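Start counting the sequence shown at 3; every next residue gets the next number (the working numbering). All C-beta atoms, glycine included, are put in the ideal place defined by N, C-alpha and C. These numbers were taken from a predicted model, which means no experiment stands behind them. Reviewing the structure listed below.
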Amino acid sequence: MSLAKRRGFVFQSSEIYGGLGSVWDYGPLGVELKKNIKERWWRSMVHERHDIEGLDAAILMHPKVWEASGHVSGFTDPLVDCKQCKNRFRADDPRIKGTPGQPDAQCPVCGSKGTLTAPRQFNLMFKTFMGPVEDQAAVIYMRPETAQGIYVNYLNVQQSSRQKIPFGIAQVGKAFRNEITPGNFIFRTREFEQMEMQFFVKPGSETEWFEFWRTERMNWVKGLGIREEKLRWHQHGPDELAHYAKDAYDIQYEFPFGWNEFEGIHNRTDFDLSNHQKHAGKKLEYLDPKTNEKFLPYVVETSAGADRTTLVVLCDAYREEEVRGEEAAEGGEQRVVLKLKPSLAPLKAAVFPLVNKEGMPELAHRIHDDLRRHFNVFFDDGGSIGRRYRRQDEAGTPYGVTIDGQSTQDQTVTVRDRDTLKQDRVATGKLVEYLTQKLAG
Ligand code: GAP
């Protein structure tokens, strides 16, 4: 968290006012990293597949959507209040001793006995008002998942794109949940982004597609460069399944605070479409053009958190290392380095004039201007070269381009590899080609 703030990945929301609980802002490097992850997802889901279309539905939806989806009645956590200190807890908070609602229950904050209420259901959706009159009729919700925007549009997308079942719809967008126990940095927040894909299939084929998408999604996650030993599957038991799911598997990562999910693959059956059909009073059946058969598709969902995936990528890349060789003398023996996959790194290269004289800054600026037309690159002429390397190690910048005395003579530069610390001498005219090759993948 300290590195994320120091280097401009993530800041607390409204920090100068003391912060807003579990809401975070992405700084210059964080916004690039998260964007690279979302773009990679979009490319693999939408651009590289013939059977998935993209969508960007609005955050605000008709309030009946959330009645039909089961979120008004079922998207709740059981909570207890302390009548003494007015704190609120999840009923299953392990710190509570005794049974809430009974005289033996003890408040984990003020220690009072018998002051905890019996559990009550608390809805996790944020509410707001639409229009000028703040009355009940105008209450609408901030979407708690992006999926519903896909369901209500599925026939619009299918008919306009002339897709045939099986096909999918992908969407990246914000979701909001008034989480009771948020925390662990950007792991559980009240405002977050999801990357969701709903795959519409013929009833009876959902198990096969479920397995297909499990394999695809795990391969995609591995493609982010995450260490395989830090990844595992977790199948939901009957008491863990969301109200809409018949079967669900999470992809978990071993965070510094333990194994936790960051993506889920869900068999949602026809739960959502059949409920929308009922509540909206509109037929949502698909007409198979080959067989003339009409049916309500089943849905296999892949649902990833963009922020949680960003946290996985950051945690997995973070290393504290001892530096050996020449660089140890220049910039201290210890370094913190983000070993981000180069294609995900916010900055692809940093340009350093070795010293601020003898024509080196001018050449360095020219090289920087040339490179920035191709990649997101950084210019740094402040402090010793060792210090500058260390700052870029913390930013996860894979390549450091140094302009030294030789450069002004023969138009070559050194390119330092963040991970191996090895340096190649490259002709300035070949630099774009050299970096393009290195950054692929
Ligand atoms: N549409 C299905 C759905 O929303 P979910 O398991 O509730 O399923 C899917 O959420 C993903 O969204 C999670 O794996 C996680 O990455 C992300 N997510 C959910 N709640 C979150 C929160 N409060 N903060 C950050 N990410 C969250």
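Supposed contact pair residue j and residue i - C-beta distance, whole angstroms, cut 8 Å
i    : j    : result
F128 : V141 : No, F128 and V141 are not in contact; Cβ-Cβ is about 11 Å, not under 8 Å.
V315 : L226 : 6 Å
T430 : Q413 : 5 Å
V444 : E195 : Given that the chain is displayed from residue 3 to residue 443, the structure contains no residue 444 and the question cannot be resolved.
D27  : S15  : 5 Å
L35  : P348 : 5 Å
K115 : P105 : 7 Å
I188 : T312 : 7 Å
A172 : V48  : 5 Å
Contacts around residue i, its chain only, beta-carbon distance under 6 Å, and the 5 residues preceding and following it disregarded
i    : result
P65  : I142
W235 : Y251
Y156 : none
P344 : P400, L441
V82  : F91, A93, P102, L118, T119, P121
N277 : A70
Contact test: residue i Cβ vs ligand 1 heavy atom, cutoff 7 Å
i    : result
S15  : no
Q196 : yes
G266 : yes
G307 : yes
R8   : no
E322 : no
R229 : no
A172 : no
E287 : no
E303 : yes
R164 : no
T414 : no
N256 : Note on residue identity: the sequence assigns Glu, not Asn, to residue 256. E256 Cβ: outside cutoff for every heavy atom of ligand 1.
A149 : yes
E213 : no
R92  : no
E242 : no
T271 : no
R145 : no
Chain-order list of residues whose beta-carbon lies under 8 Å from that of residue i (same chain, five-residue window excluded)
i    : result
S491 : No statement about residue 491 is possible, as the shown extent of the chain runs from 3 to 443 and does not include it.
Own chain, CB closer than 7 Å to residue i, minus 5 neighbours either side, in chain order
i    : result
R229 : D318
Q445 : The displayed coordinates of the chain run from 3 to 443. Any statement about residue 445 would go beyond what the structure contains.
D79  : R92, F124, L126, I182
Q425 : T416, V417, R418
F77  : N125, L126, M127, P146
G133 : A140
**Message:** Across the region 294-304 and the region 383-393, are there enough close Cβ pairs to call them in contact, namely three or more that are closer than 8 Å?
**Reply:** no
**Prompt:** What residue ranges within the region 236-267 form continuous beta strand (DSSP E) runs of no fewer than 3 residues, ordered along the chain?
**Reply:** 249-257
**Item:** Segments assigned beta strand (DSSP E), at least 3 residues, entirely inside the region 93-161
**Value:** Runs of the beta strand (DSSP E) inside the region 93-161: 122-125, 129-131, 141-143.
**Prompt:** Quick check: the region 324-331 against the region 291-298, are there 3 or more CB pairs under 8 Å?
**Reply:** no
**Request:** Give, in chain order, every unbroken run of the alpha helix (DSSP H) that is at least 4 residues long and sits entirely within the region 363-399.
**Result:** 387-397
**Asked** Three or more beta-carbon pairs under 8 Å between the region 159-166 and the region 70-77, yes or no?
**Response** no
**Prompt:** So, do the region 417-427 and the region 360-377 have three or more beta carbon pairs nearer to each other than 8 Å?
**Reply:** At 8 Å Cβ cutoff, the stretches do not touch.
**Item:** Cβ contact check for the region 266-279 and the region 237-253: 3 or more pairs under 8 Å
**Value:** yes
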